[in-house]
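First up is the structure itself, then whatever we jot down about it.
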Amino acid sequence: MKKILVIGSGPIVIGQAAEFDYAGTQACKSLREEGYEVVLVNSNPATIMTDEETADRVYIEPLTVEFCERVIARERPDGLLPTLGGQTGLNLASQLAEQGILERYGVRLLGTQLDAIRKAEDRELFRALMREIKQPVPESWIVESDSELEALLDVVPYPCIVRPAYTLGGTGGGVVYSREELWETGRKGLKLSMRSQIMLERSLLGWKEVEYEVMRDGKGNCITVCNMENLDPMGVHTGDSIVVAPSQTLSDVEYHMLRNASLRIIEALKIEGGCNVQLAVNPDSFDYYVIEVNPRVSRSSALASKATGYPIARVAAKIAVGKTLEQIENAVTKTTKACFEPALDYVVVKIPRWPFDKFPGGDRRLSTQMKATGEVMAIDRTFEAALLKAVRGLEVKAKGLDSWHPQGEDSTNGDASDALRAALAQPTDERLWALAEALRRGWSVEEVNRVSRVDPWFLRKIQGIVRAGSPGHPRQDGDATEGSVYKMVDTCAGEFESFTPYFYATAESEDDAATVLERRPAAAVVAME
Amino acid sequence: MKAYLALSDGTVVEGRRLGAEGTTDGELVFNTGMTGYQEVLTDPSYAGQIVLFTYPLIGNYGVNDDDFESDRVQPRGVVVREACEAPSNWRSTRSLDEFLRERGVVAVQGVDTRALTKRIRDAGVMTGAVSTLGPDEALAAARAARPYDDTDFVASVTTRAPYAWGRAGREAIDQPAASAKVKMVAIDCGLKFNILRRFASLGVRTIVLPATATADEVMAWEPDGVLLSPGPGDPARLEGVVRTARDLIGRRPLFGICLGNQILCQAVGGRTFKLKFGHRGANHPVKDLLDGSVTITSQNHGYAVDPDSLVGTGAEVTQLNVNDGTVEGIRLEREDATSIQYHPEAAPGPWDSRKYFRAFVDKMERAAR
């Protein structure tokens, strides 16, 4: 095999965070590092991956079967890597395969095979597989026509989640609270789904939402790159959730129970590359459900890469051409291998960036359809500092967890205002400020948790931030007055010497950047804030 | 209240009190796991040490009544960046601070744990002390501390009297093992409860004997197999246990975990050496040389087996650490003895190596027939 075709992700749309450009660029570079000639097809010239130095040859063409076939006929690649272009790349690759085009030109599909992808993405096949390996999935119903939908209107429990199959970012889905809402949203979902299929699912509103990023090579070796916990409990699309890495409120037994489940799933699917597993966890027991699996690089894997320093797309590309995790170097330490699990010695907070400032009339309520158009990620040694750093990075009016007033609040109404209560219960882009405001007004953590279902751990941290500096409360780490230093993101919590200059600012005593600069004065330093 | 951490090289850092007041000393080691502090704090292999957690937020999910690996806090001190005052988890019964105070353990928080980790990585493990009395007291204690390698910690953590462990936990030692398919003797150099729990879940009744047990005393229990347990300290000090293991080789199937691996290796003539800063964490890749697979393992050891010392002993090295190439597992094929340097019982850490329990139980079942 000499020449590899990579399908790009096309236009960046609402529901994405440019993650496929990030992943695709890494993958192209990774394949060229291995000595392959890389041909890229992408319809979007405004990407990094279409830069001249990323691939050997770039075709800026529509991402359709017709144009792709013409590129294949002209370039005659030996292999096709479809799992790095998001859903667009996957859908195109499966059409090329189904129409016999790959076979006709002798193009081998690299990485995770299409039947594995189908098993992960087709709800029915996925649920059957989960039953086989004894992983719990929430009660659900597959609907493929309006008449099937009608028959279920009085059967399903409300609230109930509508998820159209094969759409980007959960387009057309949502939580419905009545049979009327289900009828409306369900029919819309059927129209939007590429296969005219939607799933209705028992709502797990209020459960913890946890994700694992897992990798598997062709020899069956599996690792988890990291896990992430959503501050927003189940009910909000993970792309619209505030997310922390690693998880903060799971004990070791819970962490590894869910890690183990994620590994069993990637094994059963026979993924070769990266995969994202989303789980719902009961906050009061060991119960959990497997919610969804993304059998490819995703927005979450891009976040996990940046959060840990572990280059998921780079490693996935090398796995696709047959390398094992143990043969791939850890590009950060250069002293260890890609077959390990990153140890973080910091906290990562991601906050989505929504476009509501540009669409003032838009519906700001968040649900299972992603509305964010970007995200900020901040790293620090404490949750408070990372959260505040992320808020500053959002470039919104608020520079911190400033006081906030829900719309329509009567200022004479006092602390227990219904408007504030509603703002806690209904997730929107402003809920973080609503949580802070309620705590500032003296609501108890227990009460805010009861209304919002946000874990008390996060609420106490937010309470600490809003109280900081006020009488009787010591200053918090986020306001530390110590001189700022730069600490390194090294994948190993300092255990091994590392060589990639990736730093974050924090209030601590020792500066990691100084020693690196001493050793290599010309080193490029990438620092976050 | 302020607290100070001092190292034997003269470094003193100021932090805040966590846990009890007073002064404590020990060998300063770091653990890179992001969860599992309760298991680490009750793991007998940390006896004599001060554990520094590299993950900065410790205590988030509190301390519960289930996740104990022994009855007491084993390390002599704890160092964290930030201890959570108000933990959140459905099983939590108290905060880390309350737990450490209740158990009288001196600890410090609010220090730059990454800077200290790098210090240990570069200079190797060293003695240290934590004190709430003052920086001078901390430094004096660090300098006066008895070197870790000079102490027999196994003697302090092993059980005084034999006990039994079955499906329901601790059992009366004289209770007839009606429900158990298999009877195993564990020589306790610092057992973790989860080893006993894992075996019990597979139908094994374990008789736990003190580390001073002789081969005859072990055989008197008519076991179907013998477990050489993990434990603290320099394995080269453990001549008695090594002799017992040597006398048992070939008589019953043997399985060694962690220190048990080092004991089995010494029993056939191998030697151990001290690692610069050990392996302590939940992310260590181990390669199985027999099938080529790589597994992520939970580790906690400061010494390793010298592979050259095993040449000609009949022991075959079956597993190696991917990061530094140290010995992670051996087997004596003819004598039915195997051992691994890492922790298949996890607690804390990944569950990926549980198959070793099943494999040893299968061996014991065959031996029982």
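If you read the protein sequences in the order shown, they are chains A and B. Heads up: the first sequence at position 474 corresponds to 474 in the working numbering, and the numbers run straight through without jumps. If you count the second sequence from 1, you need to add 1000 to reach the working numbering. Ideal Cβ placement from N, Cα and C applies to all residues, glycine included.
Query                                                                                                                                                                              : Result
Taking contact to mean at least 3 C-beta pairs separated by less than 8 Å, is the segment 1282-1291 of chain B in contact with the segment 1256-1270 of chain B?                   : no
Based on the DSSP secondary-structure assignment, which residues constitute the bridge partners of A:N42?                                                                          : A:I60
Quick one: using the 10 Å Cβ neighbour count with 16 as the cut-off for buried, is A:G442 buried or exposed?                                                                       : exposed
Looking at C-alpha atoms only, which residue of B:N1089, B:M1184, B:G1270, B:N1064 is the closest neighbour of B:Q1363?                                                            : In the sequence under discussion, the amino acid at residue 1363 of chain B is Lys, which differs from the Gln named in the question. Minimum Cα distance to B:K1363 is reached at B:M1184.
Find the residues of chain A that neighbour B:L1057, judging by a C-beta separation of less than 8 Å, and give them in chain order.                                                : Q248, V347, T382, F383
Rounding to the nearest angstrom, what Cα-Cα distance links B:P1075 and B:E1027 in this structure?                                                                                 : 9 Å
What does the alpha-carbon distance come out to for the pair B:Y1148 and A:G206?                                                                                                   : 49 Å
Can you find a C-beta in chain B that's less than 8 Å from the C-beta of A:C339?                                                                                                   : yes
Where in the segment 324-395 of chain A do unbroken runs of the beta strand (DSSP E), each at least 3 residues long, occur, reported from the N-terminal end onward?               : 347-353, 374-380
Figure out for me which residue from B:A1141, B:I1050, B:G1314, B:T1212 has the closest Cα to the Cα of B:R1243.                                                                   : B:T1212
How many whole angstroms separate the CB atoms of A:V349 and A:A390, which I take to be in contact at a CB cut-off of 8 Å?                                                         : 5 Å
I'd like the span of the alpha helix (DSSP H) that includes A:L205, first residue to last.                                                                                         : First-last for A:L205: undefined, no H or E at that position.
Is B:V1241 closer than 8 Å to B:L1332 when the C-beta atoms are compared?                                                                                                          : no
Take every Cβ of the segment 484-499 of chain A, pair it with every Cβ of the segment 326-345 of chain A, and state whether three or more of those distances are shorter than 8 Å. : yes
Could you check the C-alpha separation between A:A302 and B:P1230 for me, to the nearest Å?                                                                                        : 39 Å
Are any of the Cβ atoms in chain B nearer than 8 Å to that of A:W457?                                                                                                              : yes
Kindly give me the distance between the Cβ atoms of B:T1024 and B:V1130, rounded to whole angstroms, as I take these residues to be in contact under 8 Å.                          : 5 Å
Can you tell me which of the three DSSP states B:F1068 falls into?                                                                                                                 : coil
Which runs of the alpha helix (DSSP H) fall wholly inside the segment 1192-1219 of chain B and span at least 4 residues, in chain order?                                           : 1193-1201, 1215-1219
Residues of chain D with CB closer than 7 Å to the CB of A:R460, please, in chain order.                                                                                           : Within the model displayed, chain D is absent; protein chains A and B are what it includes.
Per DSSP, B:G1302 is paired with what?                                                                                                                                             : For B:G1302, which the question treats as bridged, DSSP gives no partner whatsoever.
Given A:A466, which residues of its chain have a CB within under 7 Å of its CB, disregarding the five upstream and five downstream residues?                                       : Strictly speaking, residue 466 of chain A in this sequence is Val, with Ala absent from that position. Excluding sequence neighbours, A:V466 sits near L401, A436, L439, R440.
Does any residue of chain B bring its CB to less than 8 Å from the CB of A:V253?                                                                                                   : yes
Taking just the CA atoms, how far does A:A468 sit from A:G478?                                                                                                                     : Confidence at A:G478 is low in this model, with a pLDDT of 43, below 50, so its placement is unreliable and no value can be given for it.
Kindly indicate if chain B contains any beta-carbon less than 8 Å away from that of A:S417.                                                                                        : no
Could you list the residues in the segment 1006-1019 of chain B with a C-beta less than 8 Å from some C-beta on chain A, going in chain order?                                     : V1013
Which chain B residues are close to A:G494, counting only those with a beta carbon under 7 Å from its beta carbon?                                                                 : T1054, R1114, T1117, K1118, R1121
Of all Cβ atoms in chain A, is any one closer than 8 Å to the Cβ of B:R1103?                                                                                                       : no
Taking Cβ to Cβ, would you say A:T541 is nearer than 8 Å to A:V210?                                                                                                                : This structure cannot speak to residue 541 of chain A, because chain A is shown only from 1 to 529.
When we look at the beta-carbon of B:F1273 and count the other beta-carbons within 10 Å, is it buried (16 or more) or exposed?                                                     : exposed
Taking 8 Å as the threshold (C-beta atoms), are A:L192 and A:G172 in contact?                                                                                                      : yes
So if I threshold CB-CB distances at 9 Å, which residues from the segment 1299-1322 of chain B count as touching chain A?                                                          : V1322
Applying a beta-carbon distance threshold of less than 7 Å, which residues of chain B neighbour A:K487?                                                                            : R1114
Between the Cα of A:K337 and those of A:L344, A:D345, A:P283, A:I328, spot the shortest distance and give me the residue it belongs to.                                            : A:I328
Check whether chain A comes within 8 Å of B:G1329, counting only Cβ atoms and requiring the distance to be less than that.                                                         : no
Going along chain A, which residues have a C-beta under 7 Å from B:V1130?                                                                                                          : Those do not exist, as B:V1130 stays about 17 Å from chain A at its closest Cβ, beyond 7 Å.
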